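Line by line, the protein sequences give chains L and W. The numbering used here puts the first sequence at residues 44 to 177. The numbering used here puts the second sequence at residues 44 to 177. In this text, a Cβ means the ideal position worked out from N, Cα and C, and glycines have one as well. In this text, all values refer to a predicted model and were calculated from it rather than measured experimentally. Below: one structure, written as structure tokens.
There are 2 protein chains.
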Amino acid sequence: MQQYNRRKFIAQASLLAAAPLIINPMANNTNASQLVHHVFFWLKNAGSETDRKQLIEGLKTLRAIKEVKQLLIGTPASTEKREVVDNSYDVSELMYFDNVEGQNAYQVHSVHKAFVEKYSHLWERVVVYDMLVV
Amino acid sequence: MQQYNRRKFIAQASLLAAAPLIINPMANNTNASQLVHHVFFWLKNAGSETDRKQLIEGLKTLRAIKEVKQLLIGTPASTEKREVVDNSYDVSELMYFDNVEGQNAYQVHSVHKAFVEKYSHLWERVVVYDMLVV
């Protein structure tokens, strides 16, 4: 029995070790149909720390949607100010989907709809970029 | 000895299993100083397949820069046309750095400078977003 458990543990550990190599969308050998969905939000109360925190809390709820493979949330980085850099937004969400279909399903998902209903009063402008990985 | 090897293997497997949680920038438990650098290019010859391919080849050279932890290259996805979605760009690069310092080093790196020198005649407009993961 102990032997069985040990084997089982090794098998599980190996699976755990291998899984990120398969699902990691950061690898250079990416799935060509993989979709990156990058959204930038400008708050009505631009620069409001309270509203920013509230929006970030709302964005975290989107992780419950199974089509959302990964979600990173961020704010403007303090990189060098250059003419080409747009650091005027307040909050950003960066999502990965397996394909266009996953993104379509996300758009009409009840959790996403609830997020828009509850938090859209916070922002005055949204810009979305959908990128298909080549 | 067999017992020792088994223990060693379990320890290694556990380490392997744990490592991606630390180094995988896609995980939800991200390094708070991690920087996402997302650049959108509009070609002078908008929609030119030849120029797009050439720019993509150029972007791939940036993987040689050690500060560039990951690089995804993409083109607009055929998601639903909505007012908030900007799908007018031709090519996009999405880079991950460990921190702001990594991005600063990248900006002045010779490989990056060579890329700008060789390929900047292809684009007429660039928009950059630098996002610090929270």
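- Contact note: aspartate 173 of chain W reaches chain L through Pro119, Ala120, Thr122, Val128 and Asn130, using a C-beta cutoff of 7 Å and chain order.
- Under the Cβ criterion of 8 Å, histidine 164 of chain L is not counted among the residues facing chain W.
- Under the three-state reduction of DSSP, histidine 152 of chain L is assigned to coil, being neither helix nor strand.
- Nearest CB-CB separation between serine 91 of chain W and chain L: not below the 8 Å threshold.
- Proximity of valine 176 of chain W to chain L, defined by a Cβ-Cβ separation below 8 Å, is satisfied.
- When 8 Å is used as the limit between beta carbons, glutamine 146 of chain W is near these residues of chain L: Ala120 and Thr122, in chain order.
- Note: glutamate 136 of chain L is bridge-paired with L:Val82 and L:Ile116 in the DSSP secondary-structure output.
- For a Cβ distance threshold of 9 Å, residue set Val79, His81, Leu137, Met174 and Val176 of chain W lies close to leucine 137 of chain L, ordered along the chain.
- Around the beta carbon of glutamate 136 of chain W, a 10 Å sphere encloses 16 or more other beta carbons of the protein chains shown; the residue is thus reported as buried.
- For glutamate 123 of chain L, the secondary structure class from DSSP, reduced to helix, strand or coil, is coil.
- A check of alpha carbon separations from aspartate 141 of chain W across W:Asp133, W:Val176 and W:Gly90 identifies W:Val176 as the nearest.
- Across the set W:Tyr162, W:Ser76 and W:Arg106, the C-alpha of W:Ser76 shows the shortest separation from the C-alpha of alanine 120 of chain L.
- In terms of Cβ geometry, histidine 152 of chain W and isoleucine 108 of chain W form a close pair [threshold 8 Å].
- Counted as a single uninterrupted DSSP element, the beta strand (DSSP E) harbouring aspartate 173 of chain W occupies residues 166 to 176.
- In this structure, DSSP gives valine 111 of chain L a state outside helix and strand, which the three-state scheme calls coil.
- Nearest to leucine 115 of chain L by alpha-carbon distance, out of L:Thr93, L:Tyr139 and L:Thr122, is L:Tyr139.
- For histidine 164 of chain L, the number of other beta carbons within 10 angstroms of its own is below 16, and it is reported as exposed.
- DSSP places lysine 87 of chain W outside any alpha helix (DSSP H), giving it a letter other than H or E.
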